[in-house]
């Protein structure tokens, strides 16, 4: 039988993918470093990328928390096209048996389990072992409101959401434009939509609390509504814990040789370089790659561009030069660098020479940018990124974006040139840069001792400790019997 410890033992179970793994690694680090917990990260292997493998190796070397790797459940094609919601949820559902075995073999009995949106199926295992159960949203609070309120909208609205001209009203929160809805809501007849509604219900019905990668001062109105609005009190019956900004910053990704990109940045003027990256899963069409290249060249701004072969509009290939304007590399060799492999994003955004970020608006990337005081050109591609882009542009005032969503139309070179110049050269860019630095200070304060996010994690640790003590008493009673 597993033993108990004076330190509460917290189990963190992310679904496959870097965007899910990194935030929970940061939560584990914070619980161990600042809140006197023992933590174990359980990684379910599935199509693990080289970058993810390196991240896990680095974490093992640091030995801050334990890492248990489970084999990928059989019968799942990791490269299959289709729904992220249904695919990842199915993987985690089938991982329950191996997770159960791993927990049974642990020397220290876990007091709590923290999962992400796609791992709610394993909360039944936590229930079996009498753990507290928490769901982490690796994004911000606003997309969470859409997820939790979607079952209500499903009953209120007929037809497809995308066909609506009216905004989707969410009590006490910023309304959602139909074009900004997440992918599962784009086709109400699809299984992915059913999974989306199910997960929205499971988060509150199966958990003891919801952890959100935001902080109180970043989204005050949204958070207040979810806690106090009469409509929300019917939906959210568990505590909301704002624990952000949880993100991996420069210097936290482990050892290894220094990237040549950082050496190149050392030679550039302060805040003069635009960094362009669309995340590990973001790719552009062949036509958009060509227009992006022309826009960057016409802007005459320094850049680092991480780019992959196109998603459509041309045959796929590994040589990116096939999709760039003839002579582009030669003409821009003094002002920019094109990267076709991995780039150390955290270190790049932290470099003093970087003054802007053209981003796909993944929440991890957005937080990295904000916490380095870097304004953005919002270029959302999938998941909740359109909502994040709207938040960054309209609410937080740290980004600008194309007139038409990049998923709807190709942005031309003239518009790209204008956006790049605006963020790198003009007063509007300076104002966003100043605003980003304000939010950076706010986020750092939230995580500091006595800050709102620090206090939320302290409360979580306290509850885990109480559960640990209760389990100890139960074990002692069983021994007496």
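In this note's numbering, the protein residues as written are 6 to 486.
Beta carbons are placed, not taken as given, at the ideal position from N, Cα and C, and that holds for glycine.
Legend entry - Distance between beta carbons of residue 99 and residue 25, contact taken as under 8 angstroms: The sequence position of residue 25 within the chain shown is 20, counting from 1. The sequence position of residue 99 within the chain shown is 94, counting from 1. About 17 angstroms; that fails the 8 angstroms criterion.
Inset, instruction - Excluding the 5 residues preceding and the 5 following residue 127 in the sequence, name in chain order all residues of the same chain whose CB lies nearer than 7 angstroms to its CB. - result: Here residue 127 refers to the residue found at position 122 of the chain shown. Hits under 7 angstroms: 18, 97, 100, 101, 104, 120.
Inset, instruction - Work out the CA separation of residue 287 and residue 318 for me, nearest whole Å. - result: Sequence index remark: in the chain shown, residue 318 carries index 313 (1-based). Sequence index remark: in the chain shown, residue 287 carries index 282 (1-based). Only weak support exists for where residue 318 lies, its pLDDT of 45 falling under 50; the value from the coordinates is given anyway. About 15 angstroms.
Legend entry - Three-state secondary structure assigned by DSSP to residue 127: In the chain shown, counting from the first residue as 1, residue 127 sits at position 122. Here residue 127 sits in helix by DSSP.
Legend entry - Euclidean distance between Cα positions of residue 269 and residue 215: Counting from one through the chain shown, the residue named residue 269 turns up at place 264. Counting from one through the chain shown, the residue named residue 215 turns up at place 210. Rounded to whole angstroms, residue 269 to residue 215 spans 42 angstroms at the Cα level.
Legend entry - Spatial distance of residue 301 from residue 446 (CA atoms): Taking the chain shown and counting its residues from 1, one reaches residue 301 at position 296. Taking the chain shown and counting its residues from 1, one reaches residue 446 at position 441. Taking the straight line joining both Cα atoms gives about 31 angstroms.
Inset, instruction - Could you have a look at residue 324 and say whether DSSP puts it in helix, strand or coil? - result: Mapped onto the chain shown, residue 324 falls at position 319. Looking at residue 324 - three-state DSSP - the assignment turns out to be coil, as it is neither helix nor strand.
Legend entry - Short Cβ contact (9 angstroms threshold) for residue 138 with residue 211: Numbered from 1 along the chain shown, position 133 holds the residue referred to as residue 138. Numbered from 1 along the chain shown, position 206 holds the residue referred to as residue 211. Yes.
Legend entry - Three-state class that DSSP yields for residue 410 in the structure shown: Stepping through the chain shown from its first residue, residue 410 is reached at position 405. Residue state, collapsed to three classes: coil.
Legend entry - Nearest neighbour of residue 494, chosen from 143, 310, 337 [CA to CA]: A query on residue 494 cannot be resolved here, the shown segment of the chain reaching from 6 to 486 and no further.
Legend entry - Selection from 284, 329, 307, 349 that minimises the alpha carbon distance to residue 388: The residue labelled residue 388 in the question sits at position 383 within the chain shown. The residue with the shortest Cα to Cα distance from residue 388 is 284.
Inset, instruction - Say yes only if the C-beta of residue 31 is nearer than 8 angstroms to one or more non-hydrogen atoms of the ligand ZN, and no if none qualify. - result: Here there are no bound small molecules, and the ligand ZN is not part of this structure.
Inset, instruction - Give the DSSP-derived three-state secondary structure of residue 85 in the structure shown. - result: For the purposes of this step, residue 85 is taken as residue 80 along the chain shown, with counting starting at 1. Note that residue 85 scores a pLDDT of 49, beneath 50, so its modelled location is shaky and nothing firm can be said.
Legend entry - Inside the segment 263-290 only - beta strand (DSSP E) runs reaching at least 3 residues: Listed in chain order, they are 278-282.
Legend entry - Inter-residue spacing [alpha-carbon to alpha-carbon] between residue 85 and residue 246: Position 80 of the chain shown, counted from the first residue, corresponds to residue 85. Position 241 of the chain shown, counted from the first residue, corresponds to residue 246. Reliability of the predicted coordinates at residue 85 is poor, the pLDDT of 49 falling under 50, and the value obtained from them is presented with this limitation in mind. Roughly 34 angstroms separates the two Cα atoms.
Inset, instruction - Measure the CB-CB distance between residue 282 and residue 348 and report whether it falls below 9 angstroms. - result: Position 277 of the chain shown, counting from 1, holds the residue named residue 282. Position 343 of the chain shown, counting from 1, holds the residue named residue 348. Their beta carbons are under 9 angstroms apart, which means residue 282 touches residue 348 by this criterion.
Legend entry - Limits of the alpha helix (DSSP H) - the one that residue 354 falls within: Counting from one through the chain shown, the residue named residue 354 turns up at place 349. Residues 350-355.
Legend entry - residue 6 in three-state terms, based on DSSP: Here residue 6 refers to the residue found at position 1 of the chain shown. Confidence at residue 6 is low in this model, with a pLDDT of 43, below 50, so the placement of that residue is unreliable and no value is reported for it.
Legend entry - Selected residue, minimal CA-CA separation from residue 133, among 116, 147, 149, 144: Mapped onto the chain shown, residue 133 falls at position 128. Taking only the C-alpha atoms, the option nearest residue 133 is 116.
Legend entry - Straight-line gap, residue 295 to residue 204 (C-alpha atoms, nearest Å): The residue you call residue 295 lines up with position 290 of the chain shown. The residue you call residue 204 lines up with position 199 of the chain shown. The alpha-carbon atoms of residue 295 and residue 204 are separated by roughly 39 angstroms.
Legend entry - Exposed unless 16 or more other CB atoms sit within 10 angstroms - verdict on residue 373: Locating residue 373 in the chain shown gives position 368, counting from the first residue. Label assigned to residue 373: buried.
Inset, instruction - Starting from the C-beta of residue 427, find all residues in its chain whose C-beta is less than 7 angstroms away, skip the five residues before and the five after it, and write them out in chain order. - result: Position 422 of the chain shown holds residue 427. Excluding positions up to five away in sequence, the list reads 405, 433, 434.
Inset, instruction - Alpha carbon to alpha carbon, how far is residue 13 from residue 470? Give it in angstroms, no decimals. - result: Counting from 1 along the chain shown, the entry for residue 470 is found at position 465. Counting from 1 along the chain shown, the entry for residue 13 is found at position 8. Cα to Cα, residue 470 sits roughly 5 angstroms from residue 13.
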